[in-house]
Every structure is written in structure tokens, then in C-alpha cells.
Amino acid sequence: MQFALNRELRQLNERIRNAARDSSHYKLKPHLSLLYKKMPAVARRELADSIMAPFSEVIFDSLKAVRCISPTQNRADVEAWRVVAAASLSG
């Protein structure tokens, strides 16, 4: 599930990457991954196309910076993720 990328999110990403001294060529693509499973590309695309979110807007109330294996490919990779910073977004 893809999310819109705006100026504020780009700036936040840049600040985090600068603070982490991240020199990778990671391209920010805000999203929510709903499945980590090896499966044929056609089946994956059909499954993704069949998902209809019951909402048109998402509001986040917190943010976490996570150190993770890239690319994340399976459950073990997800379980190895580590939160390195967290912040509340509520006023």
C-alpha cells in the first residue's frame, strides 16, 4: 500500500539520513507492506490488485526509525528489525 510523498516527509527523511550518516542510494517510497512471502510475480500482483483499503486517508500519530536488513525478504528479516528512535506526532 503506497502513501503520498510530500515535502515535509522528504525533509524528515533527509534529516534522519544525515543524522545516521546514511550514504546508501535508498529511495524513499512510503508504504505499508502487507505481505513478506516468496511467490510468483504474477500472483503477487494479482493479490496486491485485489486489496481495497476501507479508507482513503491514514493519519499517523507516531514515528519510528528502524534499522533493518535491506531488502527485507522474510519473517526472520522482519524479526531482526531494531527501533533506533521513536517520536510522538500528536500535538
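Per my numbering, numbering of the sequence shown is gapless, rising by one per residue and ending at 84. Backbone N, C-alpha and C fix where the C-beta goes; we use that ideal spot for every residue, glycine too.
Find out if the Cβ-Cβ distance for the pair residue i, residue j is shorter than 8 Å.
i   : j   : result
L56 : L25 : no
Q66 : Y29 : yes
A78 : I62 : no
V59 : R75 : yes
V27 : I9  : The sequence given here places Leu at residue 27; Val does not occur at that position. Cβ distance not < 8 Å, so L27 and I9 don't count as in contact.
Smallest Cα separation from residue i: which of the options?
i   : options               : result
A80 : L5, D70, L(-2), M(-6) : L5
What residues match up with residue i in a beta bridge as DSSP calls it?
i   : result
A80 : L56
Q66 : Bridge partners of Q66: none, in fact.
H18 : DSSP output for H18 lists no bridge partner at all.
F38 : Reading off the sequence, residue 38 comes out as Arg, not Phe. Beta-bridge pairing links R38 to no other residue.
R75 : R60
Can at least three beta-carbon pairs, one atom from the segment 14 to 24 and one from the segment 39 to 59, be found at a separation below 8 Å?
no
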